Structures are given as structure tokens and as C-alpha cells.
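Student: Below are the C-alpha cells for one structure; questions will follow.
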Amino acid sequence: EDKVVQSPLSLVVHEGDTVTLNCSYEVTNFRSLLWYKQEKKAPTFLFMLTSSGIEKKSGRLSSILDKKELFSILNITATQTGDSAIYLCAVEAYNNNDMRFGAGTRLTVKP
Amino acid sequence: ETGVTQTPRHLVMGMTNKKSLKCEQHLGHNAMYWYKQSAKKPLELMFVYNFKEQTENNSVPSRFSPECPNSSHLFLHLHTLQPEDSALYLCASSQDLGSQGGYTFGSGTRLTVV
Numbered sequence: 022e023d024k025v026v027q028s029p030l031s032l033v034v035h036e037g038d039t040v041t042l043n044c045s046y047e048v049t050n051f052r053s054l055l056w057y058k059q060e061k062k063a064p065t066f067l068f069m070l071t072s073s074g075i076e077k078k079s080g081r082l083s084s085i086l087d088k089k090e091l092f093s094i095l096n097i098t099a100t101q102t103g104d105s106a107i108y109l110c111a112v113e114a115y116n117n118n119d120m121r122f123g124a125g126t127r128l129t130v131k132p
Numbered sequence: 602e603t604g605v606t607q608t609p610r611h612l613v614m615g616m617t618n619k620k621s622l623k624c625e626q627h628l629g630h631n632a633m634y635w636y637k638q639s640a641k642k643p644l645e646l647m648f649v650y651n652f653k654e655q656t657e658n659n660s661v662p663s664r665f666s667p668e669c670p671n672s673s674h675l676f677l678h679l680h681t682l683q684p685e686d687s688a689l690y691l692c693a694s695s696q697d698l699g700s701q702g703g704y705t706f707g708s709g710t711r712l713t714v715v
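Protein chains in written order, with our numbering: chain X, 22 to 132; chain R, 602 to 715.
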């Protein structure tokens with residue numbers, strides 16, 4: 022059965038810290054892995070990763086995929102209180118019509 | 602706003618009530634989805650529609666009844682729900698079914714069943 026596991030489930034840091042969020046997966050016919058940020062309600066798209074070893078970067082956020090070890094990490098440097106959110110990892114497969122989501126990591130950044 | 606609008610934002614209903622959740626998108630997307638998000642659990646896919654035809658029903662109880670009159674609108678009709686159905690219900694859309702690149706989500710309806 023396909024599954025996506027995120028860790029940690031929750032994390033509390035202070036402003037300026039760097040955090041690494043993890044996502045491991047077991048999916049048949051993997052196509053892509055996506056990261057979303059969910060602040061209040063609507064998850065918003067961050068990154069889509071399809072190839073191993075190619076870092077995607079947007080400001081202080083970056084992500085990379087390892088298709089051999091079946092995981093991805095999301096890094097946030099110099100965290101700010103506005104980074105507080107639930108970060109969702111999802112995996113798309115070629116044979117499915119939907120994405121499989123992990124349970125999310127709840128990040129709290131304290132001033 | 603993401604381009605996917607859900608109403609109402611919050612809903613409290615009794616177990617004998619009938620209510621409906623609405624989702625609307627004007628992004629020109631052809632596929633629409635209902636997800637359920639419970640605390641500390643992964644998003645659970647409920648229904649998938651493509652060009653207003655249901656393509657997937659993920660073993661959802663019949664007390665949840667979806668309706669898709671056109672590619673821009675999606676409803677979730679609720680009746681005789683249980684307290685464990687309390688959750689955030691998210692609607693999403695994508696350009697096409699299984700299109701790579703993620704979905705656009707609405708802000709959800711926070712449902713409480715009392």
C-alpha cells in the first residue's frame with residue numbers, strides 16, 4: 022500500500038533557526054513529490070520535485086528529492102514567525118488520479 | 602484567495618440535519634476533488650470528478666453525497682452525519698485529472714457535528 026510519512030509531526034523553534042522537515046514515501050510508479058504550506062486552511066503549493074539531487078529553491082526555502090532512498094527534505098533557513106504553519110508532503114503516481122498526503126509537520130516559530 | 606472558493610467557512614450541524622458544502626472555481630480546471638482533513642491525520646481523498654463525471658469514490662459513507670453540475674462547481678451534500686465526521690473539508694481543482702504539478706485548494710469548510 023502506498024504511504025507517505027512525515028517527520029517530525031511537530032516542531033517548535035525560535036526565529037532565526039534553521040529547520041529540516043522530512044518526508045519518506047513508498048509509492049508504486051512514482052511520478053512527483055510536492056510540498057505544500059498550510060497556514061490557516063488552504064494548502065498553498067511550494068515545490069514539485071521529480072528528479073533526484075536537483076535542489077529547488079525559493080527564498081529561504083529549499084527542497085531536494087532522493088529517489089533512491091525514497092525521501093525528500095524541506096529546509097527553511099533563518100525562520101520567521103510567518104513560517105509557522107503545517108507543511109504537507111504529497112506524492113503523485115502515474116497510475117493514480119490523486120495525490121497521497123502525509124500527516125504533515127506542524128512548525129511553530131517563536132519570536 | 603486561491604481561485605477556489607468554498608462556502609460556508611464554518612458549519613455546525615446536528616446529526617439529523619441536512620446541509621450542503623459548496624465549492625466553486627473559475628480557473629478553467631477540469632478536475633475537482635473533495636478531501637477530508639482530520640486532526641493529525643493525512644488528507645483523505647473522498648471524491649474525484651473529471652469534466653463533471655465522478656471518477657473515484659474512495660469508500661466514502663453514503664451520508665456524504667457529492668454533486669458536480671458543471672466543471673466549475675462541486676457540492677457535498679451532508680445528511681445524518683456522525684460526530685466523527687467533524688473535520689476540515691477541502692475542495693481542490695487541477696487542470697486535468699492526474700495532471701502533474703499539484704492542485705489549487707480552497708480554504709475549506711470547518712464542519713462540526715454535534
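Note that beta-carbon positions come from the ideal geometry of N, C-alpha and C, so glycine has one too. Just so it is clear, the structure is predicted and the values come from calculations on it, not from any experiment.
So for T41 (chain X), helix, strand or coil by DSSP?
Tutor: Here residue 41 (chain X) is taken as the residue at index 20 of the first sequence, counted from 1. Three-state DSSP puts T41 (chain X) in a strand.
Student: Pull the bridge partners of E668 (chain R) from the DSSP assignment, please.
Tutor: On the second sequence, residue 668 (chain R) is found 67 positions in, with the first residue counted as 1. Bridge partners of E668 (chain R): R:F676.
Student: Can you confirm whether the stretch 94-114 of chain X touches the stretch 614-625 of chain R when touching is taken to mean that 3 or more C-beta pairs between the two stretches lie within less than 8 Å?
Tutor: No, they do not touch.
Student: In chain R, what lies closer than 9 Å to V25 (chain X) by C-beta?
Tutor: The residue labelled residue 25 (chain X) in the question sits at position 4 within the first sequence. Ordered by position in chain R, the residues that pass the 9 Å Cβ test against V25 (chain X) are P643.
Student: For Y115 (chain X), collect the residues of the same chain with a Cβ closer than 6 Å to its Cβ; drop the 5 residues on either side in sequence, then sort them by chain order.
Tutor: Counting from 1 along the first sequence, the entry for residue 115 (chain X) is found at position 94. Within the same chain, Y115 (chain X) has close Cβ partners N50 and R52.
Student: Please tell me whether T608 (chain R) has its Cβ less than 7 Å away from any Cβ of chain X.
Tutor: Residue 608 (chain R) sits at position 7 when you count from the first residue of the second sequence. Answer no: the Cβ-Cβ gap between T608 (chain R) and chain X never drops below 7 Å.
Student: Am I right that L724 (chain R) and K62 (chain X) are in contact with their C-beta atoms under 8 Å? What's the rounded C-beta distance?
Tutor: Since the first and last residues shown for chain R are 602 and 715, residue 724 (chain R) lies out of range.
Student: Is there at least one Cβ from chain X nearer than 7 Å to S716 (chain R)'s Cβ?
Tutor: For residue 716 (chain R) there is no data in the structure shown, the boundaries of chain R being 602 and 715.
Student: Assuming I107 (chain X) is part of the beta strand (DSSP E), what are its boundary residues?
Tutor: In the first sequence, counting from the first residue as 1, residue 107 (chain X) sits at position 86. Residues A106 to A114.
Student: Classify P684 (chain R) as helix, strand or coil using the three-state DSSP reduction.
Tutor: As a working note, residue 684 (chain R) is residue 83 in the second sequence. P684 (chain R) falls in the helix class under three-state DSSP.
Student: For G703 (chain R), return the contacting residues in chain X, with the cut-off set at a CB-CB distance below 7 Å.
Tutor: In the second sequence, residue 703 (chain R) corresponds to position 102, counting from 1. Those within 7 Å of G703 (chain R) in chain X are L55, F66 and M69.
Student: Less than 7 Å separating the beta-carbons of G123 (chain X) and V48 (chain X)?
Tutor: Counted from its first residue, the first sequence places residue 123 (chain X) at position 102. Counted from its first residue, the first sequence places residue 48 (chain X) at position 27. No.
Student: Using 7 Å as the limit for Cβ to Cβ distance, is F122 (chain X) near chain R?
Tutor: Locating residue 122 (chain X) in the first sequence gives position 101, where the first residue counts as 1. Yes, F122 (chain X) counts as interfacial toward chain R.
Student: Indicate whether C692 (chain R) and G703 (chain R) have their beta-carbon atoms separated by less than 7 Å.
Tutor: Position 91 of the second sequence, counting from 1, holds the residue named residue 692 (chain R). Position 102 of the second sequence, counting from 1, holds the residue named residue 703 (chain R). In this structure, G703 (chain R) does not lie closer than 7 Å to C692 (chain R) by Cβ.
Student: State the DSSP-derived secondary structure class of T606 (chain R), mapped to helix, strand or coil.
Tutor: Position 5 of the second sequence, counting from 1, holds the residue named residue 606 (chain R). Residue state, collapsed to three classes: strand.
Student: Suppose the cutoff is 7 Å on Cβ atoms and the five residues either side in sequence are ignored; what does the same chain contact list for E625 (chain R) look like?
Tutor: Counted from its first residue, the second sequence places residue 625 (chain R) at position 24. T606, S673 and H674.
Student: 7 Å is my cut-off, CB to CB: does L628 (chain R) come that close to chain X?
Tutor: Mapped onto the second sequence, residue 628 (chain R) falls at position 27. L628 (chain R) does not count as touching chain X.
Student: Out of R:K637, R:L644 and R:K623, point me to the one whose CA is closest to P609 (chain R)'s CA.
Tutor: Here the question's residue 609 (chain R) lines up with position 8 in the second sequence. For P609 (chain R), the nearest C-alpha among the options comes from R:K623.
Student: Here's the rule I'm using: 16 or more other beta-carbon atoms within 10 Å means buried, otherwise exposed. How should R121 (chain X) be labelled?
Tutor: Numbered from 1 along the first sequence, position 100 holds the residue referred to as residue 121 (chain X). Answer is buried; the Cβ neighbour count reaches 16.
Student: Tell me which residue opens and which closes the beta strand (DSSP E) that T656 (chain R) is part of.
Tutor: For the purposes of this step, residue 656 (chain R) is taken as the residue at position 55 of the second sequence. From DSSP, the beta strand (DSSP E) with T656 (chain R) extends over E654 to N658.
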